[in-house]
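Student: With this note's numbering applied, the sequence shown corresponds to residues 206 to 364, in that order.
In this text, a Cβ means the ideal position worked out from N, Cα and C, and glycines have one as well.
From a predicted model like this one, the values you see are computed outputs, not experimental measurements.
First the structure, which I've put down as structure tokens, then a few questions once you've had a look.
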Amino acid sequence: MMCSLGRPPKPTGLRILQGNPGKRPLPQGEPKPLAAKPARPGWLLPEAKREWARLAPQLVRLGVLTQVDRMPFAMLCQSWARYQRSQARLDTLEEEDQAGSLKYRREQMISSRCFAEVATLAGRFGLTASDRGRLHLPEQRPVEPLEAFLAKPRDGTDG
């Protein structure tokens with residue numbers, strides 16, 4: 206297996222949404238997972254769970270989030286939660302410092318890493334303004350009630 210360096214290839218679906226500006230031939234036979242909300246991992250921090258609940262329905266509606274995206278989407282939400290926590294801790298530490306001198310703190314490194322992770326993963330899900338500006342979504346058609354019912358995940362319980 207060969208490993209190539211450089212930028213990872215852009216997913217075909219994203220190239221289509223952007224109008225395939227390079228006019229290169231699109232790959233054939235690429236897997237196309239069904240857009241559906243994956244199960245939220247229980248180990249997420251509370252802030253990450255809130256971010257999951259806020260973003261997941263919107264990304265599914267846009268066709269960006271699928272069952273196979275559970276891991277990177279969980280990483281995005283968890284990194285956001287850790288970023289929030291490290292920033293809150295830094296704010297507290299700044300108030301505790303005397304004479305206005307801030308020392309390099311572990312929380313700053315955590316905050317910087319989480320910020321970079323969030324920025325990278327957010328772009329992959331089209332969550333930044335520049336990424337959205339490159340998308341050209343096909344006309345959205347209303348979902349039929351039967352189609353919506355059949356698309357619901359089944360948990361094995363009645364009701």
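Check the C-beta distance from VAL269 over to PHE330 and give it rounded, since I have them as a contact under 8 Å.
Tutor: Indeed they touch by this definition, with Cβ atoms about 6 Å apart.
Student: List the endpoints of the continuous alpha helix (DSSP H) containing PHE320.
Tutor: Where PHE320 is concerned, the enclosing alpha helix (DSSP H) stretches over 311–329.
Student: Give the DSSP-derived three-state secondary structure of ALA240 in the structure shown.
Tutor: Strand.
Student: In terms of DSSP beta bridges, what is THR297 paired with?
Tutor: According to DSSP, THR297 bridges with nothing at all.
Student: Can at least three beta-carbon pairs, one atom from the stretch 316–323 and one from the stretch 277–291, be found at a separation below 8 Å?
Tutor: Enough Cβ pairs lie closer than 8 Å, so yes.
Student: Select from GLY224, SER316, PHE278, ARG245 the residue whose C-alpha is nearest the C-alpha of LEU295.
Tutor: LEU295 has its Cα closest to that of SER316, out of GLY224, SER316, PHE278, ARG245.
Student: Alpha carbon to alpha carbon, how far is PRO350 from TRP257? Give it in angstroms, no decimals.
Tutor: Going from the Cα of TRP257 to the Cα of PRO350 covers about 25 Å.
Student: In or out: LEU231 buried (at least 16 other Cβ within 10 Å) or exposed?
Tutor: It counts as exposed.
Student: Does the Cβ-Cβ distance between LEU264 and PHE278 come in under 9 Å?
Tutor: In contact: LEU264 and PHE278 (Cβ atoms closer than 9 Å).
Student: Tell me whether GLY224 is buried or exposed, calling it buried when 16 or more other Cβ atoms sit within 10 Å of its Cβ.
Tutor: By the neighbour-count rule (16 or more Cβ atoms within 10 Å), GLY224 is not buried but exposed.
Student: Residue range of the alpha helix (DSSP H) that PRO262 falls in?
Tutor: Run containing PRO262: 251–266, per the alpha helix (DSSP H) assignment.
Student: Label LEU355 either buried or exposed according to how many other C-beta atoms from any shown protein chain fall within 10 Å of its C-beta, with 16 as the threshold for buried.
Tutor: LEU355 is exposed by the Cβ-count criterion.
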